[in-house]
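K.L.:
Questions regarding the structure given below will be posed in turn.
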Amino acid sequence: MRVFNTLTGRKEEFTPGERGLVKIYVCGITPYAPSHIGHARPAVFWDVVRRYLEYVGYTVRAIQNFTDIDDKIIAASASEGLPPLELADKYARQYLNEISELGVKPMQLYPKASEHVGEIITMIETLIAKGHAYEVGGDVYFSVKSFEEYGKLSHRTLEEMKPGARVEINEMKEHPMDFALWKAAKPGEPSWPSPWGNGRPGWHIECSAMSAKYLGLSFDMHGGGTELIFPHHENEIAQSEAFSGVKPMVRYWVHNELVNIRGEKMSKSLGNVITIREMLNKFPARAIRLFLLSAHYRTPLNFSEEGMEAAIRGCERLQTALDNLGAFCRDSKPEPGGSVLEPLEDAYEKAQLTFHESMQDDFNTPGAIAAVFDLVRELNAHQEWLASHPASAANYLDGLARMVSVLGIADDPRKAQGGAGDSALVGELVNLTLELRQKARQEKDWATSDAVRARLGKLGILVEDGPTGTKWKRINPDGGDVRASGATRIHA
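Throughout the sequence shown, residue numbering follows our numbering, covering 7 to 498 in sequence.
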């Protein structure tokens with residue numbers, strides 16, 4: 007497997023520090039407002055990374071932090087009338103609930119900065135003792151000149167960097183790029199006692215303290231958006247490696263690009279921020295996942311209604327193929343050998359290979375998705391043969407479901423409520439009902455035909471008559487968005 011490493015600027019063969027174990031730290035959100043679609047992208051991407059690593063046999067230890075001590079949280083707490091930590095907890099819980107709805111599996115731990123002040127103070131004390139940090143008027147700053155490799159992640163020298171933006175300007179600092187490890191308390195702000203007086207941690211130090219505590223002084227992958235490369239991740243490297251002397255702090259730095267809205271950067275000033283909740287209220291969760299994975303993680307993702315509609319149709323097509331296989335295989339189990347249809351077998355083997363090669367090549371989810379839909383197209387073209395070969399249908403269902411489970415964009419019909427037998431039974435009962443309806447249509451009994459169609463619609467079965475026959479698929483019984491969870495079969 008090859009992974010693009012921001013530190014080196016190239017793809018590198020992936021080798022974890024410990025055999026069979028991958029340790030991942032992902033920078034989480036600052037919970038001061040509802041999370042938006044830009045937060046959903048890394049959540050879904052790292053969920054797929056974890057699923058794939060487990061799929062190929064690794065044990066994964068993954069954590070994601072919450073920055074619950076921050077200027078934005080303090081400002082929002084005043085406007086909402088909630089204490090800062092209470093407000094942060096409110097939006098952190100909301101975020102976790104929303105990404106759960108998107109099918110994101112919980113990480114092993116979601117540590118908060120406020121719960122690790124002791125570890126942060128210990129780390130700062132060590133940095134001061136080693137000559138990498140200094141105290142000025144209750145503030146403590148990291149000395150960038152004390153760390154010779156400062157700038158190695160963002161590939162810039164100190165001379166090329168300019169203070170401002172997210173680097174605090176302070177004339178008391180020894181160098182303009184020195185960054186805060188500890189901030190002296192201001193009236194009304196949350197604070198903790200320290201050797202330098204009451205105050206709170208700076209932004210960057212929390213991640214160094216928490217990653218060291220839970221993953222060790224050197225771990226495998228560190229994730230976050232490209233906007234975090236500098237100064238946040240650059241500063242993490244400096245303070246962590248200066249603190250421990252262990253290099254590298256991280257073996258592979260993995261950064262995802264941002265989400266744009268119709269070609270424009272998403273921002274509150276432009277009024278184009280789309281929250282995760284707004285997305286979930288409007289679109290099926292599986293379709294949102296498919297859309298977020300449709301572009302490579304290192305490529306900007308452009309949101310549009312057209313893109314979401316395409317994702318919805320894709321999820322419908324994929325779920326229909328899975329449910330068809332579930333109906334065709336009935337109670338059969340996957341088994342080696344048996345009947346083989348050469349064109350279908352070739353397509354199946356090619357899809358498996360392309361899927362694996364794509365994910366091995368820097369987690370290329372668009373390539374993996376294309377492999378899945380290439381197989382779906384072939385499966386749809388050979389439904390008649392699959393319907394008469396249940397053991398083969400079970401084999402293909404097993405392979406397709408395994409690939410889909412990595413992406414999390416459809417449901418395995420065998421795991422539906424009632425199991426595979428009930429799923430197949432539902433399909434057969436619907437088909438029997440449609441055969442009776444077809445007989446009524448041949449006898450020009452349109453009232454009965456329409457009544458059967460309407461009754462199936464109330465049960466969540468959409469019946470569509472066309473020039474090639476009748477198709478059906480499952481929908482929301484209330485008539486909402488199609489959730490793509492049913493089978494389709496064409497009747498003569």
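Every residue, glycine too, gets a C-beta built ideally from N, C-alpha and C.
Does DSSP classify Trp391 as helix, strand or coil?
P.N.:
DSSP places Trp391 in helix when its eight states are reduced to three.
K.L.:
List the residues that DSSP assigns as beta-bridge partners of Trp478.
P.N.:
DSSP output for Trp478 lists Val469 as bridge partner(s).
K.L.:
At the level of alpha carbons, what is the spacing between Gly59 and Thr65?
P.N.:
A quick correction: the sequence has Leu, not Gly, at residue 59. Computed Cα separation, rounded: 8 Å.
K.L.:
Pick helix, strand or coil for Tyr116, following the three-state DSSP scheme.
P.N.:
In this structure, Tyr116 counts as coil in the three-state DSSP scheme.
K.L.:
Candidates Thr132, Ser197, Tyr140: which alpha carbon is nearest Pro89's?
P.N.:
Of the listed residues, the one whose Cα sits closest to Pro89 is Ser197.
K.L.:
Counting Cβ pairs, one atom from each stretch, are 3 or more of them under 8 Å apart for the segment 193 to 213 and the segment 70 to 86?
P.N.:
Contact between the segment 193 to 213 and the segment 70 to 86 is present, because at least three Cβ pairs lie under 8 Å.
K.L.:
For Gly26, verify whether its CB is less than 7 Å away from any heavy atom of the ligand SAH.
P.N.:
Ligands are entirely absent from the displayed structure, and the ligand SAH is therefore not among its contents.
K.L.:
So what does Thr281 bridge to, in DSSP terms?
P.N.:
Thr281 is bridged to His42.
K.L.:
Between Ser455 and the rest of its own chain, which residues show a CB-CB distance below 8 Å, the 5 nearest in sequence each way excluded?
P.N.:
So the list reads Arg443, Ala446, Arg447, once near-sequence residues are dropped.
K.L.:
For Phe153, does the three-state DSSP call read helix, strand or coil?
P.N.:
Note: Phe153 maps to coil in three-state DSSP.
K.L.:
With C-beta atoms as the reference, is Gly230 less than 8 Å away from Cys33?
P.N.:
Contact flag set, yes.
K.L.:
Determine the extent of the alpha helix (DSSP H) in which Tyr417 is found, giving its start and end residues.
P.N.:
In the sequence as displayed, the identity of residue 417 is Asp instead of Tyr. Asp417 -> no alpha helix (DSSP H), and no H or E assigned at all.
K.L.:
Quick check on the DSSP output: what are the complete alpha helix (DSSP H) runs of length 4 or more inside the segment 8 to 92, in order along the chain?
P.N.:
Runs of the alpha helix (DSSP H) inside the segment 8 to 92: 43 to 61, 77 to 86.
K.L.:
Identify the continuous alpha helix (DSSP H) that holds Val123 and give its terminal residues.
P.N.:
Run containing Val123: 123 to 135, per the alpha helix (DSSP H) assignment.
K.L.:
List in chain order: all unbroken alpha helix (DSSP H) runs of 4+ residues lying wholly within the segment 182 to 258.
P.N.:
Counting only runs of 4 or more, we get 211 to 221, 240 to 250.
K.L.:
Could you please give me the residues that DSSP links to His302 through a beta bridge?
P.N.:
Bridge partners of His302: none, in fact.
K.L.:
Kindly give me the distance between the Cβ atoms of Ala191 and Asn204, rounded to whole angstroms, as I take these residues to be in contact under 8 Å.
P.N.:
Their Cβ separation, rounded to whole angstroms, is 4 Å, which keeps Ala191 and Asn204 in contact under 8 Å.
K.L.:
Span of the beta strand (DSSP E) holding Asp352?
P.N.:
Where Asp352 is concerned, there is no enclosing beta strand (DSSP E), although the alpha helix (DSSP H) it sits in stretches over 348 to 366.
K.L.:
Please identify the residue among Asn330, Lys450, Ile280, Glu284 whose C-alpha is closest to the C-alpha of Asn308.
P.N.:
Checked all of Asn330, Lys450, Ile280, Glu284; the closest Cα to Asn308 is Ile280.
K.L.:
Could you pull the start and end residues of the alpha helix (DSSP H) that Asn330 belongs to?
P.N.:
311 to 335 is the span of the alpha helix (DSSP H), which, as asked, contains Asn330.
K.L.:
For Phe379, which three-state DSSP category applies?
P.N.:
Helix, per DSSP.
K.L.:
Starting from the C-beta of Val28, find all residues in its chain whose C-beta is less than 6 Å away, skip the five residues before and the five after it, and write them out in chain order.
P.N.:
Closer than 6 Å at Cβ, skipping near neighbours: Pro22, Leu59, Tyr64, Val66, Asp226.
K.L.:
Would you report the Cα separation of Leu381 and Leu403, rounded to the nearest angstrom?
P.N.:
Distance between the alpha carbons of Leu381 and Leu403: 11 Å.
K.L.:
Quick test of the definition: if touching needs 3 or more C-beta pairs under 8 Å, does the segment 34 to 50 touch the segment 77 to 86?
P.N.:
Yes: at least three Cβ pairs fall under 8 Å.
K.L.:
Could you spell out where the alpha helix (DSSP H) holding Asp451 opens and where it closes?
P.N.:
Here Asp451 belongs to no alpha helix (DSSP H), and DSSP marks it neither H nor E.
K.L.:
So Val150 and His122 are in contact, right, with Cβ under 8 Å, and what is the actual spacing, rounded?
P.N.:
With a Cβ gap of about 24 Å, Val150 and His122 do not count as contacting.
K.L.:
Distance, Cα to Cα, His102 vs Arg283?
P.N.:
First, the residue type needs correcting, since residue 102 is Leu and not His in the sequence shown. Near 12 Å, if we compare the C-alpha coordinates of Arg283 and Leu102.
K.L.:
Confirm, please, whether the CB-CB distance from Leu413 to Leu331 is below 8 Å.
P.N.:
In this structure, Leu413 does not lie closer than 8 Å to Leu331 by Cβ.
K.L.:
Taking the continuous beta strand (DSSP E) assigned at Asn266, which residues delimit it?
P.N.:
Looking at the DSSP string, the run of the beta strand (DSSP E) that includes Asn266 is 265 to 267.
K.L.:
If we count the other Cβ atoms within 10 Å of its Cβ and call it buried at 16 or more, is Trp202 buried or exposed?
P.N.:
The residue is buried, with at least 16 neighbouring Cβ atoms inside 10 Å.
K.L.:
Should Phe10 be labelled buried (16 or more other beta-carbon atoms within 10 Å of its own) or exposed?
P.N.:
Buried, by the Cβ-count rule.
K.L.:
When you compare each of Asn262, Leu435, Tyr147 to Thr12 by their alpha carbons, which one comes out closest?
P.N.:
Taking only the C-alpha atoms, the option nearest Thr12 is Asn262.
K.L.:
Note down the Cα distance separating Ala426 from Ala407, rounded to an integer number of angstroms.
P.N.:
Any reading at Ala426 needs caution, since the residue's pLDDT is 40, under 50, leaving its predicted position unreliable; the model's value is listed next. Rounded to whole angstroms, Ala426 to Ala407 spans 13 Å at the Cα level.
K.L.:
Along the chain, where does the beta strand (DSSP E) containing Val146 start, and where does it finish?
P.N.:
That run of the beta strand (DSSP E) goes 145 to 148.
K.L.:
Please classify Asn308: does DSSP put it in a helix, a strand, or coil?
P.N.:
Residue state, collapsed to three classes: strand.
K.L.:
Let me know if Gln114 comes out buried or exposed under the rule of 16 or more other beta-carbons within 10 Å of its beta-carbon.
P.N.:
Exposed is the call here.
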